[in-house]
Amino acid sequence: APASTPRRKSRQAYFTAPSHIRRKLMSAPLTKELREKYNVRSLPIRRDDEVRICRGHYHDREGKVTQVYRKKWRIHIERVTRDKANGQTVPIGIHPSKVMITKIKMDKDRKALLDRKNRAT
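Structure follows, in structure tokens:
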């Protein structure tokens, strides 16, 4: 059997990944209902998806994704914000693996992707 990729190289590849690869790495699981409907376990997250946070301080909050911040590996979700000392509100970054997609923003590319993934089963 081939030797496994060294930890250093795996981590280097992850942290220096370009945007189009980060898209895939920033995938989120689907809810049970969506999983049964599309036969797909997870999808790369995108801007207008609706998600439920499953882990951390904000768990069980639902909202729409307002930004996918690939550079910081985080997504920003509607109403998940905090107030700074100067009164400014800033969004809190949540890692996409800690959320669950509850509603998919459909367009033709997304539809094609789901069909493609589904055919593999």
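All letters in the sequence shown, in the order written, are residues 7 to 127 by our numbering. Glycine included, every Cβ here is placed at the ideal spot set by N, Cα and C. Treat the numbers as computed from the prediction; the structure is a model and nothing was measured.
Check                                                                                                                                       : Outcome
CA-CA distance, residue 27 and residue 19?                                                                                                  : 10 Å
In three-state terms, what does DSSP make of residue 118?                                                                                   : helix
What are the complete beta strand (DSSP E) segments, minimum 3 residues, inside the region 51–105?                                          : 56–59, 68–75, 80–89, 95–100
If residue 116 sits next to residue 110, beta carbons under 8 Å apart, how far is it from one beta carbon to the other, in whole angstroms? : 7 Å
Would you report the Cα separation of residue 52 and residue 65, rounded to the nearest angstrom?                                           : 20 Å
Per DSSP, residue 35 is paired with what?                                                                                                   : 48
Buried or exposed for residue 8, going by 16 or more other Cβ atoms inside 10 Å?                                                            : exposed
With a Cβ-Cβ cutoff of 8 Å, do residue 25 and residue 36 count as a contact?                                                                : no
Tell me the DSSP bridge mates of residue 107?                                                                                               : 36, 57
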